[in-house]
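*Asks:* Take this structure first; my questions come after.
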Amino acid sequence: MVYITSWQEYQEAAENLYAKAPNKARYCVKWRSSEGKLVLKITDDTTCIKFKTYSSIFLNRFEALNLSLIQKMQNKRPAPIAQTLGAPDNTKDADQARAASPLISQSGGPTAGGVKKKKPKKKK
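In structure tokens form, the structure reads like this:
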């Protein structure tokens with residue numbers, strides 16, 4: 001376990017460690033309110049990097065690091081490639097057809113918003 005004293009070094013090392021092994025990397029946050037101590041740890045079972053601080057100045061930086069790591073952890077796919085010029089655009093036709101046909105409710109439930117009245121409490 002290595003404690004890194006510089007925030008910039010820790011942030012770069014943490015992001016690089018996650019990028020190297022995203023399926024094995026774990027990120028842990030510990031806060032001790034009695035001591036006012038924040039400890040951040042990221043590990044991939046072979047390398048462990050820690051950062052410890054007692055200062056509240058690092059909270060904004062910590063929040064930015066969390067946001068960065070969460071964005072990397074999300075399973076987002078790249079945006080679809082734009083359609084070629086020769087391909088027909090069927091989305092307009094489908095949207096117009098849906099707008100022209102009325103939607104009919106298939107469920108047998110209440111039709112007025114689906115909200116039931118609450119029963120009053122029994123008096124004792």
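In this text, residue positions in the sequence shown follow full-length UniProt numbering: the first is 1, and each later residue adds one. Ideal placement from N, C-alpha and C gives every residue a C-beta, glycine not left out.
#1: Just to confirm my understanding: we take residue 45, look at its own chain, exclude 5 residues before and 5 after, and list those with CB closer than 7 Å. What are they?
#2: Quick one: what does DSSP say residue 70 is sitting in, helix, strand or coil?
#3: How far does the alpha helix (DSSP H) with residue 27 in it reach, from first residue to last?
#4: In angstroms with no decimal places, state the Cα-to-Cα distance between residue 17 and residue 62.
#5: Return helix, strand or coil for residue 118, following the three-state DSSP convention.
#6: By alpha-carbon positions, which one of 26, 15 and 49 ends up nearest to residue 3?
*Replies:* Once the coordinates are examined:
#1: The residue you call residue 45 lines up with position 45 of the sequence shown. Cβ neighbours of residue 45 beyond the five flanking positions: 24.
#2: Locating residue 70 in the sequence shown gives position 70, counting from the first residue. Here residue 70 sits in helix by DSSP.
#3: Here the question's residue 27 lines up with position 27 in the sequence shown. Note, residue 27: premise wrong, no alpha helix (DSSP H); beta strand (DSSP E) at 26-32.
#4: Along the sequence shown, read from residue 1 onward, the residue named residue 17 stands at position 17. Along the sequence shown, read from residue 1 onward, the residue named residue 62 stands at position 62. Cα to Cα, residue 17 sits roughly 17 Å from residue 62.
#5: Along the sequence shown, read from residue 1 onward, the residue named residue 118 stands at position 118. DSSP places residue 118 in coil when its eight states are reduced to three.
#6: The residue given as residue 3 occupies position 3 in the sequence shown. Ranking the options by Cα distance to residue 3, first place goes to 49.
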